[in-house]
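Asker: Residue numbers (our numbering), protein chains in the order written: chain U, 494 to 609; chain V, 4 to 117.
The beta-carbon is built from N, C-alpha and C at its ideal position, and this holds for glycine as well.
Here the structure is a predicted model, which means the values were calculated and not measured.
For reference, the structure I am asking about is given below.
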Amino acid sequence: KQEVTQIPAALSVPEGENLVLNCSFTDSAIYNLQWFRQDPGKGLTSLLLIQSSQREQTSGRLNASLDKSSGRSTLYIAASQPGDSATYLCAVRALNYGGSQGNLIFGKGTKLSVKP
Amino acid sequence: KAGVTQTPRYLIKTRGQQVTLSCSPISGHRSVSWYQQTPGQGLQFLFEYFSETQRNKGNFPGRFSGRQFSNSRSEMNVSTLELGDSALYLCASRTGGLYTDTQYFGPGTRLTVL
Numbered sequence: 494k495q496e497v498t499q500i501p502a503a504l505s506v507p508e509g510e511n512l513v514l515n516c517s518f519t520d521s522a523i524y525n526l527q528w529f530r531q532d533p534g535k536g537l538t539s540l541l542l543i544q545s546s547q548r549e550q551t552s553g554r555l556n557a558s559l560d561k562s563s564g565r566s567t568l569y570i571a572a573s574q575p576g577d578s579a580t581y582l583c584a585v586r587a588l589n590y591g592g593s594q595g596n597l598i599f600g601k602g603t604k605l606s607v608k609p
Numbered sequence: 004k005a006g007v008t009q010t011p012r013y014l015i016k017t018r019g020q021q022v023t024l025s026c027s028p029i030s031g032h033r034s035v036s037w038y039q040q041t042p043g044q045g046l047q048f049l050f051e052y053f054s055e056t057q058r059n060k061g062n063f064p065g066r067f068s069g070r071q072f073s074n075s076r077s078e079m080n081v082s083t084l085e086l087g088d089s090a091l092y093l094c095a096s097r098t099g100g101l102y103t104d105t106q107y108f109g110p111g112t113r114l115t116v117l
């Protein structure tokens, strides 16, 4: 059974710092991995999607890496800003028996606070 | 393009009642998924529909059901509500074709069961 773990559960940093959020998963048979952000009481916003054949994806100040063999992904945020404060969720799309697409399995998230 | 919309945004029900939540996906998206989010369990997958057929199902009791219409709009129904069903219910859509793609989420329906 696929399990997704995110460490740390919470993180507080001063504005301008570069930071790394970690995600690990137990089964390397995945279709892809996505990073989302969630603001309090709101839905999720997709940040980056990495296909299982890819190693990393970049968007602006965000860079996500994927190491399927070790079951790890990292989200790197450069030059953090107070507007980056949110909960960041990692999710893997499972690979069903027979090779069909499974559902997204989420970690519990890392709550990030960026202090001005 | 309009995003994923969910109605209603907030709902208060009592134990034993039933509830229906609605989701309109992004135009052109044929896959709709439903998730339950609670502080203790986090985000848990309920089911996914693609072209009116249930494609994947999570580990929830039969009180939770869903359907998808020919225009890709989806509804989720919970019968015989329990206190533990209080949660944020999120709907998400994607094109759902052969290649996996980004999932877009709606703002959610906050259900409170008293």
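Quick one: what does DSSP say Leu117 (chain V) is sitting in, helix, strand or coil?
Answerer: Coil at Leu117 (chain V), not helix or strand.
Asker: Thinking C-beta only, is Thr519 (chain U) closer than 7 Å to Glu496 (chain U)?
Answerer: Cβ atoms of Glu496 (chain U) and Thr519 (chain U): closer than 7 Å.
Asker: Which same chain residues, not among the five before or five after Asp88 (chain V), have their C-beta less than 7 Å away from its C-beta?
Answerer: Excluding sequence neighbours, Asp88 (chain V) sits near Val81, Leu114 and Val116.
Asker: Taking 7 Å as the threshold (C-beta atoms), are Tyr569 (chain U) and Leu605 (chain U) in contact?
Answerer: Their beta carbons are not under 7 Å apart, which means Leu605 (chain U) does not touch Tyr569 (chain U) by this criterion.
Asker: Can you confirm whether Gly111 (chain V), when its beta carbon is compared against all beta carbons of chain U, has any partner nearer than 7 Å?
Answerer: It does; some Cβ of chain U falls within 7 Å.
Asker: Against chain U, with Cβ distances strictly below 7 Å, would Thr41 (chain V) count as a contact?
Answerer: No - not a single Cβ of chain U is within 7 Å of the one on Thr41 (chain V).
Asker: If you measure beta-carbon to beta-carbon, which residues of the segment 44-67 of chain V are closer than 7 Å to chain U?
Answerer: From the segment 44-67 of chain V, only Gly45, Leu46, Phe48, Glu51, Asn59 and Gly61 have a Cβ closer than 7 Å to chain U.
Asker: On the CB-based measure, 16 or more other CB atoms within 10 Å of its CB, does Pro39 (chain V) come out buried or exposed?
Answerer: Rather than Pro, the amino acid found at residue 39 (chain V) in this sequence is Gln. Burial call: buried.
Asker: Give the list of continuous beta strand (DSSP E) stretches no shorter than 3 residues that lie fully inside the segment 540-602 of chain U.
Answerer: DSSP runs (the beta strand (DSSP E)) wholly in the segment 540-602 of chain U: 549-552, 555-560, 565-570, 579-588 and 594-599.
Asker: Could you spell out the range, first to last residue, of the beta strand (DSSP E) harbouring Glu51 (chain V)?
Answerer: Run containing Glu51 (chain V): Gly45 to Phe53, per the beta strand (DSSP E) assignment.
Asker: Ile500 (chain U) lies in the beta strand (DSSP E); which residues open and close that run?
Answerer: Per DSSP, Ile500 (chain U) belongs to the beta strand (DSSP E) from Val497 to Ile500.
Asker: State the start and end residues of the unbroken beta strand (DSSP E) segment that holds Glu78 (chain V).
Answerer: Ser77 to Val81 is the span of the beta strand (DSSP E), which, as asked, contains Glu78 (chain V).
Asker: Please confirm whether Phe72 (chain V) has its beta-carbon closer than 7 Å to some beta-carbon of chain U.
Answerer: No, no contact with chain U.
Asker: Would you kindly check if the distance between the Cβ of Ser573 (chain U) and the Cβ of Val506 (chain U) is under 7 Å?
Answerer: Yes; because the gap between Cβ atoms is below 7 Å, this pair is in contact.
Asker: Compute the distance between the beta-carbons of Phe72 (chain V) and Leu93 (chain V), then report whether it is under 7 Å.
Answerer: Cβ distance not < 7 Å, so Phe72 (chain V) and Leu93 (chain V) don't count as in contact.
Asker: Sort out for me which residues DSSP pairs Leu512 (chain U) with in a bridge.
Answerer: Note: Leu512 (chain U) sits in a beta bridge opposite U:Ile570.
Asker: According to the neighbour-count rule (16 or more other Cβ atoms, all chains shown, within 10 Å of its Cβ), is Glu508 (chain U) buried or exposed?
Answerer: Burial call: exposed.
Asker: Using the Cα positions of Ser566 (chain U) and Gly19 (chain V), report the straight-line distance between them to the nearest angstrom.
Answerer: Taking the straight line joining both Cα atoms gives about 42 Å.
Asker: Between which two residues does the beta strand (DSSP E) carrying Gly6 (chain V) extend?
Answerer: No beta strand (DSSP E) contains Gly6 (chain V), which DSSP labels as neither H nor E.
Asker: Contact check, Gln47 (chain V) vs Gly69 (chain V) under 8 Å by CB: the rounded distance?
Answerer: Not really, about 14 Å apart at Cβ, beyond 8 Å.
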